[in-house]
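My numbering runs 457 ahead of the 1-based position in the sequence shown. Heads up, the beta-carbon is just placed ideally off N, CA and C, and yes, glycines get one too. Reviewing the structure listed below.
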Amino acid sequence: MSAVLGRTQLAAAIRALRAELSGGSRADLGREVRELAELLSERELRNPSALHRDPPEQELLAALPDAAALVSREGWVRVSNAAFDTLAANGRAAGLTPLEITRSAELSDAVKRALEGTARRLDLTLGRNTSLVNLAPLLRGEVLLLLRDVTDARRAEATRRDFVANASHELRTPVAAVRAAAETLLSGAVEDPAAARSFVEIVARHAERLARLTSDLLDLSRIESRQWQIEQSPVDVGLLSRQVVDLVAPEAHAKELSIRTKVPEGTRVRGDARALEQVLVNLVENGVKYTGEGTVTVDAEREGEHVVLSVSDTGPGIERHHLPRIFERFYRVDAGRSREQGGTGLGLAIVKHLVQAMGGEVGVESGEGGSRFWVRLRAA
Ligand code: ADP
Numbered sequence: 458m459s460a461v462l463g464r465t466q467l468a469a470a471i472r473a474l475r476a477e478l479s480g481g482s483r484a485d486l487g488r489e490v491r492e493l494a495e496l497l498s499e500r501e502l503r504n505p506s507a508l509h510r511d512p513p514e515q516e517l518l519a520a521l522p523d524a525a526a527l528v529s530r531e532g533w534v535r536v537s538n539a540a541f542d543t544l545a546a547n548g549r550a551a552g553l554t555p556l557e558i559t560r561s562a563e564l565s566d567a568v569k570r571a572l573e574g575t576a577r578r579l580d581l582t583l584g585r586n587t588s589l590v591n592l593a594p595l596l597r598g599e600v601l602l603l604l605r606d607v608t609d610a611r612r613a614e615a616t617r618r619d620f621v622a623n624a625s626h627e628l629r630t631p632v633a634a635v636r637a638a639a640e641t642l643l644s645g646a647v648e649d650p651a652a653a654r655s656f657v658e659i660v661a662r663h664a665e666r667l668a669r670l671t672s673d674l675l676d677l678s679r680i681e682s683r684q685w686q687i688e689q690s691p692v693d694v695g696l697l698s699r700q701v702v703d704l705v706a707p708e709a710h711a712k713e714l715s716i717r718t719k720v721p722e723g724t725r726v727r728g729d730a731r732a733l734e735q736v737l738v739n740l741v742e743n744g745v746k747y748t749g750e751g752t753v754t755v756d757a758e759r760e761g762e763h764v765v766l767s768v769s770d771t772g773p774g775i776e777r778h779h780l781p782r783i784f785e786r787f788y789r790v791d792a793g794r795s796r797e798q799g800g801t802g803l804g805l806a807i808v809k810h811l812v813q814a815m816g817g818e819v820g821v822e823s824g825e826g827g828s829r830f831w832v833r834l835r836a837a
């Protein structure tokens, strides 16, 4: 038999097909004619104008919340939804292979395996994003490919993991110190009054640190889980800042720092008095902790509909590259210094969460002359 279809062969096939379609028995077309038919139908499927005629699956894919595509047995995208199309450079995925669309060899391999019948789920890094890929082989040999952007979820999981690791690490140090001091006392030091006193002091100091850590951790978790119900009522920040300054004044005076508030009484913001007090205490205490000499000042300024409260100090300032991360949990410029000062590394994270819960913003400016932490809230 020749490789090229002869006219008579073709004419015979056409006649047989006509007969079949008008009710006759099934036509025997011969291998070449069948192959020709398959190729023609593939060309038709790949033809963009054919793809424009929405196949029935299109509606189904359009209803899915993920980027979704049906991959043909030959490995190219036959139907896709709008979300999937945005992955393709020219905005149309149909007719292209997953490799051509995503440049991911890993995805391409997984699709190949799915075409052989193996369902798979995998996390895929595409540029800066992470996608959860679901590959499901379908009955007629095609594969349903679903891509869900899980970048934010994966980032949140990583943050949570880091947080747990950091918190455990922070807790371990004072626990170990308390344990060592107790063991020393038990193994005899308790009999020697001078030594006993110094070990009990160690226990007290580290117990204090544990108390601060657990209390800050609890505050953070209460704010995050919204158990701490944040009110939105008028708060006189003039009065509040005076109370906070009075509270922290002994620490400041012990270091010969001057501390003052310039917030006029009657300056009112919308917020939660308890939350705002905590915010101011944290910022003013930091000012006092990190300033060697000079002044810590609380001030307020009206900016249209808002009031900007600020806590400024004449301390060493914070180097520029630390500023974007300074409000993160456990982020410290100098961990040793912070711990020495009784810091937990959570103060500013609590400030940020509370202010955001009140619908406000926080920020910091810092240079050689000192730091200025500010909080912007709606005026009441
Ligand atoms: P900490 O308990 O360590 O003070 P914070 O979250 O309150 O934790 O602050 C994070 C870090 O920011 C501190 O460890 C310190 O390095 C830096 N910092 C905060 N406030 C000031 C300030 N007023 N001046 C200089 N550095 C500061």
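### Message
Could you check if D791 belongs to the surroundings of the ligand ADP, using beta carbon to heavy atom distance under 7 Å?
### Response
In the sequence shown, counting from the first residue as 1, residue 791 sits at position 334. Correct: D791 has its Cβ closer than 7 Å to the ligand ADP.
### Message
Can you tell me where the beta strand (DSSP E) holding H763 begins and where it ends?
### Response
Start at 1 with the first residue of the sequence shown, and residue 763 comes out as number 306. That run of the beta strand (DSSP E) goes H763 to D770.
### Query
Considering only the beta carbon of each residue, do A540 and A524 sit closer than 8 Å?
For the purposes of this step, residue 540 is taken as the residue at position 83 of the sequence shown. For the purposes of this step, residue 524 is taken as the residue at position 67 of the sequence shown. Result yes, Cβ atoms of A540 and A524 sit closer than 8 Å.
### Query
Is L803 near the ligand ADP, judged by its Cβ being under 7 Å from some heavy atom?
Position 346 of the sequence shown holds residue 803. L803: yes, Cβ under 7 Å from the ligand ADP.
### Message
At a cut-off of 7 Å, would you count D523 as near the ligand ADP, judging by its Cβ distance to the nearest heavy atom?
### Response
Position 66 of the sequence shown, counted from the first residue, corresponds to residue 523. Incorrect: D523 has no Cβ contact closer than 7 Å to the ligand ADP.
### Task
Note down, in chain order, each residue of its chain lying with its Cβ closer than 8 Å to the Cβ of L553, except the 5 sequence neighbours on either side.
Your numbering for residue 553 matches position 96 in the sequence shown. Closer than 8 Å at the Cβ level, and outside the excluded window around L553, lie W533, V534 and A545.
### Nearest residue (CA-CA) to G598, options V528, S644, H663 and N591
Along the sequence shown, read from residue 1 onward, the residue named residue 598 stands at position 141. Answer by Cα proximity: V528.
### Task
Going by CA-CA distance only, name the one from R549, G548, V568 and N547 that's closest to L556.
The residue labelled residue 556 in the question sits at position 99 within the sequence shown. That would be V568, whose Cα lies nearest to the Cα of L556.
### Message
For S459, which residues in the same chain have their Cβ closer than 6 Å to its Cβ, ignoring the five residues on either side in sequence?
### Response
Translated into positions along the sequence shown, residue 459 becomes position 2. Because the pLDDT of S459 is 46, which lies under 50, any placement of that residue in the model is unreliable, and the number read from its coordinates should be weighed accordingly. Excluding positions up to five away in sequence, the list is empty.
### Message
Looking at the strands, I want to know which residues DSSP matches up with S698.
### Response
Indexing the sequence shown from 1 puts residue 698 at position 241. Answer is none; S698 lacks a bridge partner.
### Task
Less than 8 Å between the CB atoms is what I'm expecting for L704 and V745, so what's the real figure, rounded?
The residue given as residue 704 occupies position 247 in the sequence shown. The residue given as residue 745 occupies position 288 in the sequence shown. Rounded, the Cβ-Cβ distance is 11 Å, inconsistent with contact.
#### Entry: S625 to R731 span [Cα, whole Å]
As a position in the sequence shown, residue 625 is number 168, starting the count at 1. As a position in the sequence shown, residue 731 is number 274, starting the count at 1. Looking at the two C-alpha atoms, the distance is approximately 28 Å.
### Query
Since N538 and L518 are thought to touch, with beta carbons under 8 Å apart, how far apart are those beta carbons, to the nearest angstrom?
Reading the sequence shown from its first residue, position 81 is the one you call residue 538. Reading the sequence shown from its first residue, position 61 is the one you call residue 518. So it is a contact: roughly 4 Å between Cβ atoms.
### Task
Ignore the nearest five residues each way along the sequence and tell me which others in V701's own chain have a CB closer than 6 Å to its CB.
Counting from 1 along the sequence shown, the entry for residue 701 is found at position 244. Counting only Cβ-Cβ distances below 6 Å, and skipping sequence neighbours, we find L737, V738 and V741.
### Message
At a threshold of 7 Å, does A806 count as lining the ligand ADP (C-beta to nearest heavy atom)?
### Response
Locating residue 806 in the sequence shown gives position 349, where the first residue counts as 1. Yes, the beta carbon of A806 sits closer than 7 Å to at least one heavy atom of the ligand ADP.
### Query
Along the chain, where does the beta strand (DSSP E) that runs through A545 open and close?
In the sequence shown, residue 545 corresponds to position 88, counting from 1. No beta strand (DSSP E) holds A545; DSSP gives it neither H nor E.
### Query
Taking DSSP as the reference, what is the three-state secondary structure of A622?
On the sequence shown, position 165 is the one that residue 622 refers to. Here A622 sits in helix by DSSP.
### Start and end residues, alpha helix (DSSP H) containing T671
Indexing the sequence shown from 1 puts residue 671 at position 214. Element bounds for T671: P650 to E681.
### Message
Counting beta carbon pairs with one atom in the segment 721-729 and one in the segment 689-698, are three or more of them shorter than 8 Å?
### Response
yes
### Query
Just checking my contact of V872 with L572 at CB under 8 Å: how many whole Å lie between their CB atoms?
Because residue 872 is not part of the residues shown, which for the chain are 458 to 837, the question remains open.
### Query
What do you reckon, is the C-beta of K712 under 7 Å from a heavy atom of the ligand ADP?
As a working mapping, residue 712 is identified with position 255 in the sequence shown. No, the ligand ADP has no heavy atom inside 7 Å of this Cβ.
### Task
Spatial neighbours of S795 within its chain, please: CB distance less than 7 Å, with the 5 preceding and 5 following residues excluded, ordered by chain position.
Counting from 1 along the sequence shown, the entry for residue 795 is found at position 338. Cβ within range, chain order: R789 and G802.
### Query
Could you give the residue range of the beta strand (DSSP E) that holds S823?
Position 366 of the sequence shown, counting from 1, holds the residue named residue 823. From DSSP, the beta strand (DSSP E) with S823 extends over E818 to G824.
### Query
For D609, does the three-state DSSP call read helix, strand or coil?
Walking along the sequence shown from the start, residue 609 turns up at place 152. Looking at D609 - three-state DSSP - the assignment turns out to be helix.
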